[in-house]
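Everything in the sequence shown is counted per this note's numbering, starting at 89 for the first residue and increasing by one.
Each residue gets a CB set at the ideal place from its N, CA and C atoms; glycine is no exception.
Below is one structure, written out as structure tokens; comments come after it.
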Amino acid sequence: MELLVTVTPAASPATATAAATFVDRHIGTRRQADVETMLKAVGYDTVDALVDTAVPEDIRQESVLELAGALSEVEALAELRRLAAKNKTAVQMIGQGYYDTVTPPVIRRNILEGPAWYTAYTPYQPEISQGRLEALLNFQTMVQDLVGLPIANASLLDEATAVAEAVLMMRRANKNKDARDGKTVLDADCLPQTIAVVKGRAEALGFEVEVADLTAGLPDGAINGIVLQQPGASGRVWDQSAVIAAAKERGALVTVAADLLALTLITPPGEQGADIAVGSAQRFGVPLFYGGPHAAYMAVQKGLERSMPGRLVGVSKDSAGVPAYRLALQTREQHIRREKATSNICTAQALLAIVASMYAVYHGPEGLAAIARSAHVHAKTLAASLKAAGFEVRHTSFFDTVTVFVPGKAAGIIAAAEAQGINLRSIDADTVGFSTDETTTAAIVDAVLAAFGVSSTADGDAALGLDAAVERSSDFLQHPVFNTHRSETQLLRYIRKLSDRDLALDRTMIPLGSCTMKLNATAEMEAISWPEFASIHPFAPDSQTEGWRELIADLEAQLTEITGYDQVSIQPNAGSQGELAGLLAIRGYHHSRGEAQRNVCLIPASAHGTNAASAVLAGMKVVVVATAADGTIDHADLYAKIEANKDALSCIMITYPSTHGVYDADVREVCDAVHAAGGQVYIDGANLNALVGLAQPGQFGGDVSHLNLHKTFCIPHGGGGPGVGPVAAKAHLAPFMPGNAATWTEGNDVPISASKYGSAGVLPISWAYVKLMGGQGLTDATKSALLAANYIAARLNDFFPVLYTGEGGLVAHECILDLRELTARTGVTAEDVAKRLIDYGFHAPTLAFPVAGTLMVEPTESEDLGEMDRFIEAMISIRAEIDQVAAGDFTVTDSPLRNAPHTAAAAISSDWDRAYPREQAVFPVKSLKQDKYFPPVGRIDGAAGDRNLICSCPPLSEFEN
């Protein structure tokens, strides 16, 4: 038989008798007729010939991927069931920042498992993102109300890295000359993983961190900022207002890491004087997930919002004056500031933030407070009973966490509890801790007491609980959204109303270059909410996590084979964190060789903005390498920069294929030149979708790379997160891979995130993808992605010139359409085209990156020919409208391009007075008459929103006006 897309033998449609495989369903262009149509447009007879021309011969891998053959969906799910059965679920009372919770089924089924939510992209095009933006604004409002601060973001990655971001923010925001260069002080009762992550970041950036018991007062010396934990890791809840005031008196800023559920009962950090509050929203309905993904939060006092990392949802107005949501300050910090950036955060945890916000909508203020009181009462019962039995309870003021001294008995108590299916926290040989939560019952309380060898006492202890000085008196969550959707019917309809406002991958192609919005197959997604995966605590005993660890080791081995490196760590919970991990490994390697002076990182001018920001956070100095006219690295400038920095050269960061969507033929030459000067080569794996099965970065010159599982390996983008950014390295860098924050000691490998395996909860998705595709199927996918991108480039080049091409005039998996000449001639901008595409039912391509005035298009391997042709038809139709502007049929200001997108309200308005007919506005091609998406708002005024940030749910009266 002929090879279809030069991969697995596939029968022609006329003769096929076997059932379609998963590979056939993942790849959109498996029909031979479609392949031939696309090849004809590109000008090649076979896909192999196209690939052989596009991909430089000297980087091609010599052998096929040594992965097991593709499994069927039934087989893959059976294997996942086998792995899940190796995990042991338990009553999780370890606490330490992770708590069991109940995800309301209406939220689990319709958001966490709902493709309208999990296949959405980051809401950079706000007109088609109003639903998820409202949900994220709800999240911000929830956080602001609970922590008592006026501005919150949506969101960060996990609590430990959120604290690290707050520390860096204090260091750049503190303007007090006596304090700004001072040390950062962490309270000794901060979570251990938080202390580890902060100290690791501080070591690379060269500032001092001191850990001290702040109940005893502030240490001597200049202090830039302090970090408090409320409740503390030990469970202690105390009035922090005095130490906060003392810190401010000495010019320091103050961050409090606070538990949102506890804050329904405890005085908020903002009311105690804190400048910044951070923490995790995990216990608001987000499963434990063996450590993540979990949405972290940050909230700040006014005046700090423009220094805040992460995403900030605000309210502006559209072209008709209708209030509309958008990402305020939406151009990510690292893309503006690059080497001047102080944060490299790019991915958030949007999907999990939305789940948490809906949990608050579902329960409302009374429901959240009731859950908190239940957890608190159970903790009080346990503490009182243990105290009555003669045990020493460490603190009298606590919320849900109790620390108990049990001299010499800790191991026996832990074992006795585990025998009853309960995990307690083992602190040391003489100390046991436990945390109650939403799922704690009276029966669980009795079982815990039995493990201690005591029974419950009916008499409470008035000395135990929350001190009156810390009890909350202020209201929270008074906005109608948190007090309306009380029945499941109401909430279901609210969720559906919001999702209907958006465009996600379940409705249309999302042709974003560099972001790889491919199929997130249902079979890949199915296992993530199984209790055997979702209900496991990240610090659970190894005896309970055998299935998890086998799956993770298997996935790491598969990624090692795919990339050609020697070791992979999946700990980084975003691509930006993977970058940082790889650069810290390079830093550690140079230091181990006595070459600490090697701190210069070369970065091409066209690189992702996160590259430069990550290098800065790794303590490196960024030197920018110029880009040549053809989009490649300027060799003269490269060699000059290498020579000028040869004794200090640490590494170069390159993206391959390049950020311009081309396989640069000189990549080995660049790698060799940097190696010859004593540097290392970091290959950004953002574009690995164009390499899998064809070339391995670990074999053509890379020393380390990060990968994006949310791009190449099918973890859905979730409206802006979760992401996973594994780091892959050669053997000489392996000793410097990320360490375990829970067991970290100074001088060892720096932890990147709070839990050992990062966002483990979504790893079954990528594991299943690789198993379902097999080595040959993954290679097929890469070739199909190249064919699709070149098909679109060939079809559109006469209308929108393709800016950069490689050998044979080909691109890799994406192409850049250049609108700059059209803009100069007509005034029509790339943004106008992006907004007009909404009227055709499309999400826009990547706008203005990596070149201003352009659109970057990536169809991926999952789109079928019909959908690609629909996109091409839309773009050609838009070009015709640009020609109308050029011909003078209407001015650009009066054109359908500048007035796009068109809402249903605008289309049926009785005072339609535009220079083009209504039908051209909303039905520019015939196919739209059968299936039309209307955006809920018109074009949004971004500048006005940036000038007037509204970052919480406005009162309903504002919308009525």
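Would residue i and residue j qualify as a contact pair, given that the criterion is a beta-carbon distance under 7 angstroms?
i: Lys-287; j: Val-297; result: yes
i: Arg-560; j: Ile-354; result: yes
i: Thr-112; j: Arg-119; result: Going by the sequence as given, residue 112 is Asp instead of Thr. Their beta carbons are not under 7 angstroms apart, which means Asp-112 does not touch Arg-119 by this criterion.
i: Tyr-385; j: Ile-640; result: no
i: Ala-458; j: Ser-243; result: no
i: Tyr-857; j: Glu-644; result: no
i: Asp-246; j: Gly-380; result: yes
i: Gly-367; j: Ala-346; result: yes
i: Gly-749; j: Ala-900; result: yes
i: Val-443; j: Val-374; result: yes
i: Thr-867; j: Gln-784; result: no
i: Phe-522; j: Met-741; result: no
i: Arg-220; j: Ala-208; result: yes
i: Ala-706; j: Ala-292; result: yes
i: Val-251; j: Val-342; result: no
i: Glu-306; j: Ala-334; result: First, the residue type needs correcting, since residue 306 is Leu and not Glu in the sequence shown. Their beta carbons are under 7 angstroms apart, which means Leu-306 touches Ala-334 by this criterion.
i: Gly-509; j: Ala-178; result: yes
i: Glu-757; j: Thr-141; result: no
Mind reading off the beta-carbon distance from residue i to residue j? Whole number of angstroms is fine, and I expect it under 8 angstroms.
i: Ala-490; j: Ala-467; result: It is Val, not Ala, that sits at residue 490 in the sequence shown. About 6 angstroms separates the two Cβ atoms, so the contact holds.
i: Leu-891; j: Val-939; result: 6 angstroms
i: Gln-281; j: Ala-829; result: 4 angstroms
i: Ala-693; j: Val-713; result: 7 angstroms
i: Ile-966; j: Arg-924; result: 5 angstroms
Let me know the secondary structure DSSP gives residue i once reduced to three states.
i: Asn-175; result: strand
i: Asp-1001; result: coil
i: Asn-1036; result: coil
i: Gly-863; result: helix
i: Arg-756; result: helix
i: Asp-977; result: coil
i: Arg-883; result: helix
i: Leu-165; result: helix
i: Phe-1011; result: coil
i: Ile-904; result: strand
i: His-798; result: coil
i: Ser-738; result: strand
Rank the options by C-alpha distance to the C-alpha of residue i and give the top, closest one.
i: Asn-175; options: Pro-619, Gly-1030 and Ala-716; result: Pro-619
i: Asn-511; options: Thr-134, Glu-150, Pro-629 and Ala-940; result: Pro-629
i: Asn-777; options: Ala-164, Ser-872 and Phe-110; result: Ser-872
i: Thr-517; options: Leu-905, Ala-505, Phe-493 and Val-536; result: Checking the displayed sequence, the identity of residue 517 turns out to be Ala instead of Thr. Nearest of Leu-905, Ala-505, Phe-493 and Val-536 to Ala-517, Cα basis: Phe-493.
i: Glu-638; options: Gln-685, Ala-848 and Pro-984; result: Ala-848
i: Thr-604; options: Ala-429, Val-130, Arg-756 and Ile-803; result: Ile-803
i: Tyr-132; options: Ile-960, Glu-955, Tyr-879 and Ser-965; result: Tyr-879
i: Tyr-187; options: Phe-372, Met-963 and Glu-480; result: Phe-372
i: Val-536; options: Ile-502, Pro-889 and Thr-648; result: Ile-502
i: Val-769; options: Val-235, Leu-737, Gln-1008 and Arg-260; result: Leu-737
i: His-798; options: Val-520, Gly-807, Gly-496 and His-820; result: Gly-807
i: Val-558; options: Phe-487, Leu-907, Leu-985 and Asp-927; result: Phe-487
i: Ala-1003; options: Lys-1014, Leu-851, Thr-979 and Phe-1011; result: Thr-979
i: Val-542; options: Ala-504, Ala-716, His-573 and Ile-515; result: Ala-504
i: Gly-813; options: Ala-761, Val-850 and Tyr-206; result: Val-850
CB-CB under 6 angstroms to residue i, same chain, minus the five flanking residues each way: which ones, in chain order?
i: Glu-526; result: Thr-189, Val-190 and Ile-459
i: Lys-336; result: none
i: Tyr-1021; result: Gly-929
i: Gln-422; result: Any reading at Gln-422 is ruled out, since the residue's pLDDT is 45, under 50, leaving its predicted position unreliable.
i: His-483; result: Gly-323 and Arg-324
i: Gln-360; result: Gln-328, Ser-329 and Ile-332
i: Gln-370; result: His-382
Given residue i, which residues of its chain have a CB within under 7 angstroms of its CB, disregarding the five upstream and five downstream residues?
i: Leu-935; result: Ala-918, Glu-919, Ala-922 and Leu-943
i: Glu-951; result: Gly-116, Met-597 and Ala-876
i: Val-565; result: The sequence shown places Leu at residue 565, rather than the Val named in the question. Taken in chain order, the residues that qualify are Met-230, Asp-233, Ala-448, Gly-452 and Pro-453.
Just to check, is the beta-carbon of residue i closer than 6 angstroms to a non-hydrogen atom of the ligand FMN?
i: Arg-913; result: For the structure depicted, the ligand FMN is absent and the ligand set is empty, with no information on it obtainable.
Who are the near neighbours of residue i in its chain, counting only those whose CB is closer than 8 angstroms to its CB and skipping five residues on each side?
i: Ser-631; result: Lys-176
i: Ala-107; result: none
i: Glu-253; result: Leu-244, Val-366, Met-386, Pro-397, Gly-398, Ser-431 and Ile-433
i: Val-139; result: Thr-94, Leu-782, Lys-871 and Leu-874
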